[in-house]
Structures are given as C-alpha cells and as structure tokens.
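Chains as they are written, first to last, in my numbering: chain A, 1 to 78; chain B, 79 to 156.
C-beta: ideal position from N, C-alpha, C; glycine also.
Let me begin by presenting the structure, written as structure tokens, before commenting on it.
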C-alpha cells in the first residue's frame, strides 16, 4: 500500500496516472489492485502486489513520475 | 480509509480489534470492508463505509479505543 500526499490533480488525473501504471506494471512484476482518492485532501492510496516495495516505486516513476510519499508492505486482514 | 501509525500490537492483536469493530459498527451505520497491516512499520489501514469520517472514529473508540491518526473520505478508483 502506498500513500501519496498533496496530490494536485483531480480524480480524473489520478485515473489517468493509474492507467499509465497498469500499462507499465508488467515489466516490474507489479499488479496494481485498487486505489482510493480523497480529492479534497489530496491523498491517494494505491494497493499493489509485487516483488518488493521498490518495484511499485519504479512503476510510478516510469509511468508518470509521481512517486508515493510512503510505501508499506501490508498483509490483508481476515 | 483511516491510517493508524505506531501500532504496537501484532497482526493477531489487530485482527482482534477488527473483530470488535465489526461487533460495534452496526449502531453507527458503519461497515468495515477491509484492512491491511504492516506489522514491521506498525501501520494499519482500515477501509470502511459509513455516514461520515467521524462515525468510523466513534466505532474504533467504543470498540477498543485505538482511534486512527488520519481519516480520509475516499472514492475507489476505476
């Protein structure tokens, strides 16, 4: 799960960035599963699977350059 | 989506807290959908639906007292 703060774009801009992530993810072994946007707060959460946290950062960097502020290696609760 | 930081309990303790949330949520009109835990970083993300952000805070407060550090009103991206 990564966290982006102070995101300036609106939900449509985030959706466009997400499409670029999905186009880019395969070569890094990453799968962007879901994302959530708080437009007013400028916060975005991206849930992805991949070999490590850094792989998600590489996808964001190549796809659109908007890297996350924080990345967490999470397990989903049951 | 809420964010808990510096969580001291392990994943099992978080699971127990989540069970208490689910037992408590109905009276506040809240539905905890999913949560994710980074044990090493002490971070927990809870995704819930409800009438407003404060309702999620009330559930956590009544259920176990471990309120979130941040709450965001998110829309899921498509």
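Check: Where the beta strand (DSSP E) containing residue 82 of chain B begins and where it ends; Outcome: 80–82
Check: Range covered by the alpha helix (DSSP H) that runs through residue 55 of chain A; Outcome: 53–63
Check: Buried versus exposed, by CB contacts within 10 Å (16 or more), residue 99 of chain B; Outcome: buried
Check: Sub-8 Å separation of residue 84 of chain B and residue 128 of chain B beta-carbons; Outcome: no
Check: Rounded separation between residue 11 of chain A and residue 46 of chain A - CA only; Outcome: 13 Å
Check: Chain B contact for residue 8 of chain A (CB, 8 Å cutoff); Outcome: no
Check: Neighbourhood of residue 109 of chain B by C-beta, 8 Å cutoff - its chain only, sequence neighbours within 5 removed; Outcome: 103, 126, 127 and 128
Check: CA-to-CA distance, residue 92 of chain B to residue 154 of chain B, given in whole angstroms; Outcome: 24 Å
Check: Boundaries (first-last residue) of the alpha helix (DSSP H) holding residue 103 of chain A; Outcome: With chain A covering 1 to 78 only, the question about residue 103 of chain A has no answer from this structure.
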